[in-house]
Every structure is written in structure tokens, then in C-alpha cells.
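**Q**
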Amino acid sequence: MTFQTEKLGRHMAAAVSGIDLNQPADAATQKALVDTLHDNLVLCIRGQQLDPPAFLAAMSKFGTPMLRKQLARTPECAEVNIISSEDRDVLGDGKKIVNGANWHTDDSFMRAPCSLTMLYGVEVPSRGGDTQFTNMYAAYEDLPAATKARIDPMRVIHKYHSSRKLSRISTRPAEEMSAMPEATHPLVRTHPETRRKSLYLNPNRMEQIVGLDRAESDTLLDDLIAHATQPKYEYRHVWRQGDIVIWDNRCTMHKANADYPEGERRLMHRVIVAGTEPF
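Quick note, the sequence shown lines up with residues 43 to 321 if you use our numbering.
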């Protein structure tokens, strides 16, 4: 199976076309897709028409799908989540909630966060609703040598409900929260496959740098977040119907935009695949 590749951003993101994921990718095609993802951090597969079982099957070739209880799930496949313009905080105040409205990387509150996230544009609005990404390899590489030497050994406490959180997040049952203890991760992580170093930040989940007082920790984290989210490191994905966008949480952050016209629907199916403890 062959496909065409198009570079999307100056320093990250590529789109492929000419492939139908209803047909299982052969080993050579799958390797080429993974290589394109590793080279570009964000991979868009254009023009797909997949029901949830077919979407899950295609994404399973990238890793082991994980069950995520914090989001709605399709009736056909528990591992396929639904992210919609109609999402509300059902167990809380019932108000509309925009999942991922601020910069973050998925699952950093877990001790072994997911490696990849796959989002499938089932229904996209006529305009707006873009997803922004930032290249955390480049953000780390551009830091002064003295800053790298300072932060390389640092570790950060991550929590589902961080006191620094920026986004409204859905209310969860107490028993579910008790099963999500805090996790401690390196501030600079090494990608297990590419072996490259990147900043590992999550403004919505980071609590504090281990060994620093709150004020010093907050200042350093805020400075690193501001550095990493400069426009020069960003790619902004404008969705087309049938896009599948796959990104590597180990070397990117992303955010959603809810700026589409009132009354228009945005419906995404989502799969995440297992990762390993950051190092």
C-alpha cells in the first residue's frame, strides 16, 4: 500500500493521503506511517470513513489501546471515546465543558501516560475548532546550556486536580479519583524510541517541582511554559472531514479551540495507546 506525504508545518506535522484504513495496513505501510509520525510528531491521515470498530482496529496497529473512563465512549467500542461540542460536566454543575482548552499533554497524571493520541474528525464545523500543537523537542533544544544543566535532573509532581490547573475538567467519582494517585515525572524526558530529549510539561496537571518551594517552582514552570508555547514552535491544524490526527504526547503539547459557530456540531472519536513511565 502506498501513500502520498505532504509537509504541513515548518518544523512539525505531515499529512498522508491515498490510504484507506478500512483495509489493514501491511507491515511496510505501517512502518512508514510510524516513521512519518516520529519525524514529524503530528501525523494527519486524510479522507477516512471509519466506524468505531474499524477506527479502533487501525489505531491498534500503533500500540495497545487504553480504556479512558473520564470521557464518553461509543456503544460499539469502549476504547473509542467521544469528544463533542455538546460535552457537559455531567457529575458536576452540568455546564458545557471544552476538553483540552489549554495547553497540555495527555495523561501526565498517570504513572505510565499514554504514548499516542488519535483523534478522528467525524463531524467538523464550517470554520474554527482547530487543534494547536507545539514542538517540545525544539523548545528544549533552544534553551541555554545553563538552563538545560539546571533542569535536566528535575522532577515534577503531576496530579489530576492540580492547584495550578487552567481548564475546567469534568467531575469524577471519588472511587475513580482514589485510583489516580499523583505521579512524579522528569521535567526533561527522553523519548524511548527516538532517544531525543524534550521538555515534558503539562500546565493543567503539574503541581510542583520536587525540591523547590512553591514560588520558585511556579516561576520556573511558568517561564518554561511561556518559552515552549511561543508561536515559532507551533503548528495549527485546520480540520477537514475525515481527518485522523495522531500525535506523540512524549514530545508535544496541544490545545483545542472552541471558536466554531454557535449551533454547529464538532464530533470527534478518540483512541489513546499505552505508553511507559517517562525517564
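In this text, a Cβ means the ideal position worked out from N, Cα and C, and glycines have one as well.
Roughly how many angstroms separate the alpha carbons of Asn123 and Ala188, rounded to a whole number?
**A** As a working mapping, residue 123 is identified with position 81 in the sequence shown. As a working mapping, residue 188 is identified with position 146 in the sequence shown. If you take the alpha carbons of Asn123 and Ala188, they lie about 42 Å apart.
**Q** At the level of alpha carbons, what is the spacing between Lys201 and Val58?
**A** Position 159 of the sequence shown holds residue 201. Position 16 of the sequence shown holds residue 58. If I take the Cα positions, the gap works out to 36 Å.
**Q** Please classify Gly305 as buried or exposed, where buried requires at least 16 neighbouring CB atoms within 10 angstroms.
**A** Residue mapping note: residue 305 aligns to position 263 of the sequence shown, counting from 1. Answer is exposed; the Cβ neighbour count stays below 16.
**Q** Output the distance between the C-alpha atoms of Ala99 and Glu121, rounded to the nearest integer angstrom.
**A** Your numbering for residue 99 matches position 57 in the sequence shown. Your numbering for residue 121 matches position 79 in the sequence shown. Those two C-alpha atoms are separated by around 11 Å.
**Q** Could you pull out every residue in the same chain whose Cβ sits closer than 8 Å to the Cβ of Arg237, ignoring the five residues on either side in sequence?
**A** Indexing the sequence shown from 1 puts residue 237 at position 195. Correct list: empty, nothing qualifies.
**Q** Report the start-end ranges of each beta strand (DSSP E) in the stretch 217-292 that is 3 residues or longer and not cut off at the edges.
**A** Whole beta strand (DSSP E) segments, 3+ residues: 225-228, 230-232, 239-241, 248-251, 276-279, 286-290.
**Q** Are Cys86 and Asp285 touching if we call contact CB-CB under 8 Å?
**A** As a first step, residue 86 is located in the sequence shown; it is residue number 44 there, counting from the start. As a first step, residue 285 is located in the sequence shown; it is residue number 243 there, counting from the start. Yes. Within cutoff.
**Q** Express the C-alpha separation of Glu183 and Asn144 in angstroms, rounding to a whole number.
**A** The residue you call residue 144 lines up with position 102 of the sequence shown. The residue you call residue 183 lines up with position 141 of the sequence shown. Rounded to whole angstroms, Asn144 to Glu183 spans 23 Å at the Cα level.
**Q** State the CB to CB distance for the pair Gln250 and Ile199, rounded to an integer number of angstroms; the pair is presumed to be in contact (CB under 8 Å).
**A** Stepping through the sequence shown from its first residue, residue 250 is reached at position 208. Stepping through the sequence shown from its first residue, residue 199 is reached at position 157. Right, their Cβ atoms sit about 5 Å apart.
**Q** Counting only runs that start and end within the stretch 65-149, where is the beta strand (DSSP E) found for 3 or more residues in a row?
**A** DSSP runs (the beta strand (DSSP E)) wholly in the stretch 65-149: 84-87, 123-126.
**Q** Counting only the same chain and skipping the five closest in sequence on each side, list residues whose C-beta sits under 7 Å from that of Asn64.
**A** As a working mapping, residue 64 is identified with position 22 in the sequence shown. So the list reads Leu92, Ala96, once near-sequence residues are dropped.
**Q** Tell me the residue span of the alpha helix (DSSP H) that contains Arg192.
**A** Locating residue 192 in the sequence shown gives position 150, counting from the first residue. Its alpha helix (DSSP H) spans residues 187-193.
**Q** Which value, in whole angstroms, describes the spacing of the CA atoms of Asn246 and Met54?
**A** Here the question's residue 246 lines up with position 204 in the sequence shown. Here the question's residue 54 lines up with position 12 in the sequence shown. Roughly 23 Å between the two C-alpha positions.
**Q** At what residues does the beta strand (DSSP E) containing Ala180 begin and finish?
**A** By one-based count along the sequence shown, residue 180 stands at place 138. Per DSSP, Ala180 belongs to no beta strand (DSSP E); it is in the alpha helix (DSSP H), 178-183.
**Q** Can you tell me the Cα-Cα spacing of Thr176 and Pro117, whole angstroms?
**A** For the purposes of this step, residue 176 is identified with residue 134 of the sequence shown, where counting begins at 1. For the purposes of this step, residue 117 is identified with residue 75 of the sequence shown, where counting begins at 1. Their Cα atoms are separated by approximately 33 Å.
**Q** What residues in its chain sit with their C-beta under 8 Å from that of His80, if we drop five residues either side in the sequence?
**A** Numbered from its first residue, the sequence shown carries residue 80 at position 38. The residues are Glu235, Thr236, Asp290.
**Q** Going by Cα to Cα distance, which pick from Val164, Leu243, Ala154 is closest to Met108?
**A** As a position in the sequence shown, residue 108 is number 66, starting the count at 1. The shortest C-alpha separation from Met108 is found at Ala154.
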